[in-house]
Amino acid sequence: NDVTAADLAAAGTDYPDWIARFLDIRPGSVGDLVHSTAEGVVSRLPESRRDPYHVAEALQLYLFRDGGFQYETDVRGLCGRDRIADCLLQTKVGYCEYFATTLTMLLRSQAIPARLAMGYLPGRRLADGSWEVDRSAAHAWVEVYFPDYGWVRFDPTPGNEENGQRPTTLEPGDPSDAPVRPVPSPQPSGQGDGAVDGPAGRPPLPPEELPLTGSPLGSEPASVLGIGLAVAIVLGVLLALASLYRARRSPQIAPDIAYRGVARLAGRFGYGPRPHQTAYEYAGILGELLPAMSSDLRLVARAKVETTYASRPPEAELLAQLRDAYRRVRIGLIRMAVRRRRLPARLSRRDR
């Protein structure tokens, strides 16, 4: 980990093709405030420091220190159903998933590849030298991609220093020591139509994006695959019905269990969450698949996020609403699976 700021500043923007999805901003997911805020921060940088690293650093520090934002776990009633990034930029109050999602969108608005990451902070060191990592250490941060260096962590969330949270700062380094990036030359006609090799021996495409190969439609292997798919769907429906029966008998359901239950059932039918998606983004994707369930899916996502990252026990009213929403979403997924033997490729492949 001897990389310096000068190294990343000189890394350039020669991104592999597979990075495109980490530059994508779904239509309607952010408002003009995201773009204007990012442009305002970048405009205050000298021309010589408008490379992806220094832009990422400036946007991180804007949220962490310079923009007047505050860490607050109770954001109920602040924005209603507004988009997360717009909500944080308007109110300047939120917790880690708000800050990380906002930084991700700010970076993508400047054509800098970024993804959301979730996990745990180091936690608190106790008097006996051991470390305590409890629920308050659950955290979300951002990773930014740099050619030849891969993903680098940036953490814009203020206010959780007791668990080891801090923004990314690198040693300046000597710009003259940074490797010179050659300008890629155009490839001859007929070459380069395949995948672009990733840096440091990375595969051309992540495994989840490798193109599928198989026999022509109607051939024997394809028929066997179709039968196997049908059997898998039937088994998935039976398992879902059994789980639904258990859910009906339970007076309440914990938000984490509800979210995992929806994701597990949807995953059986080809719609599991992707690593780069937030709970809200995943709920939005499923909402396109099941428009009638959109509000219920948002409720499941909100309960999961607030319980995990806001470190706040759910209220009795929310748990009652969650149980009903969870049941309706699962019924909707089961009905969809029964209606469709083959799920539409647009959603199942688009967000991988």
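Just so we're aligned: the sequence shown equals residues -18 to 333 in this note's numbering. Positions of the beta carbon are idealized from the N, C-alpha and C atoms, including for glycine.
Whole-angstrom distance between residue j and residue i, CA atom to CA atom
i: residue 112; j: residue 300; result: 32 Å
i: residue 43; j: residue 315; result: 45 Å
i: residue 121; j: residue 238; result: 19 Å
i: residue 282; j: residue 15; result: 22 Å
i: residue 303; j: residue 241; result: 13 Å
i: residue 251; j: residue 2; result: 19 Å
i: residue 25; j: residue 276; result: 40 Å
i: residue 28; j: residue 128; result: 21 Å
i: residue 319; j: residue 40; result: 47 Å
i: residue 48; j: residue 93; result: 21 Å
i: residue 233; j: residue 295; result: 11 Å
i: residue 310; j: residue 21; result: 41 Å
i: residue 73; j: residue 52; result: 9 Å
i: residue 131; j: residue -12; result: 12 Å
i: residue 317; j: residue 246; result: 12 Å
i: residue 110; j: residue 30; result: 41 Å
i: residue 23; j: residue 0; result: 22 Å
i: residue 306; j: residue 17; result: 36 Å
i: residue 308; j: residue 115; result: 30 Å
i: residue 105; j: residue 4; result: 35 Å
Residue from the options with nearest C-alpha to residue i
i: residue 259; options: 4, 97, 281 and -17; result: 97
i: residue 95; options: 38, 70 and 144; result: 38
i: residue 75; options: 298, 320, 297 and 287; result: 287
i: residue 87; options: 114, 107, 13 and 145; result: 13
i: residue 270; options: 65, 285, 313 and 308; result: 313
i: residue 9; options: 49, 40 and 64; result: 64
i: residue -15; options: 151, 27, 133 and 135; result: 151
i: residue 244; options: 236, 254 and 114; result: 254
i: residue 117; options: 145, 69, 48 and 132; result: 145
i: residue 57; options: 284, 247, 132 and 274; result: 284
i: residue 59; options: 69, 40, 297 and 52; result: 69
i: residue 147; options: 129, 115, 108 and 101; result: 101
i: residue 7; options: 109, 263 and 119; result: 263
i: residue 261; options: 66, 115, 30 and -6; result: 66
i: residue -17; options: 307, 105 and 133; result: 133
i: residue 99; options: 108, 119, -6 and 114; result: 119
Segment limits, beta strand (DSSP E) that includes residue i
i: residue 126; result: 119 to 127
i: residue 96; result: 95 to 101
i: residue 134; result: 131 to 135
Supposed contact pair residue j and residue i - C-beta distance, whole angstroms, cut 8 Å
i: residue 137; j: residue 123; result: 7 Å
i: residue 278; j: residue 267; result: 5 Å
i: residue 34; j: residue 126; result: Not really, about 11 Å apart at Cβ, beyond 8 Å.
i: residue 55; j: residue -10; result: With 8 Å as the limit, residue 55 and residue -10 do not qualify as a contact, their Cβ atoms being about 39 Å apart.
i: residue 71; j: residue 19; result: Not quite, the Cβ-Cβ distance comes to about 15 Å (not below 8 Å), so this is no contact.
i: residue 153; j: residue 46; result: Incorrect: roughly 19 Å between the Cβ atoms, too far for contact.
i: residue 142; j: residue 290; result: Going by Cβ atoms, the distance from residue 142 to residue 290 rounds to 16 Å, so no, they are not a contact pair.
i: residue 84; j: residue 135; result: 7 Å
Limits of the alpha helix (DSSP H) - the one that residue i falls within
i: residue 80; result: 77 to 90
i: residue 66; result: 65 to 72
i: residue 248; result: 236 to 249
i: residue 107; result: Residue 107 -> no alpha helix (DSSP H), and no H or E assigned at all.
i: residue 317; result: 297 to 320
i: residue -3; result: No alpha helix (DSSP H) contains residue -3, which DSSP labels as neither H nor E.
i: residue 275; result: 275 to 290
i: residue 24; result: 13 to 24
i: residue 6; result: That residue, residue 6, is in no alpha helix (DSSP H); it is neither H nor E in DSSP.
i: residue 33; result: 33 to 42
i: residue 270; result: 260 to 270
i: residue -14; result: -14 to -10
Cβ-based burial, residue i [other Cβ within 10 Å; buried from 16]
i: residue 11; result: buried
i: residue 82; result: buried
i: residue 172; result: Caution applies to residue 172, whose pLDDT of 33 falls short of 50 and renders its modelled position unreliable; the value that the coordinates give is listed next. So residue 172 ends up on the exposed side.
i: residue 273; result: exposed
i: residue 236; result: buried
i: residue 248; result: exposed
i: residue -8; result: buried
i: residue 397; result: As displayed, the chain neither begins before -18 nor continues past 333, which places residue 397 out of reach and without an answer.
i: residue -2; result: exposed
i: residue 89; result: buried
i: residue 265; result: buried
i: residue 108; result: exposed
i: residue 297; result: exposed
Check: residue i C-beta below 7 Å from any heavy atom of the ligand MG
i: residue 133; result: Annotation note on the ligand MG: not contained in the displayed structure, which lists no ligands.
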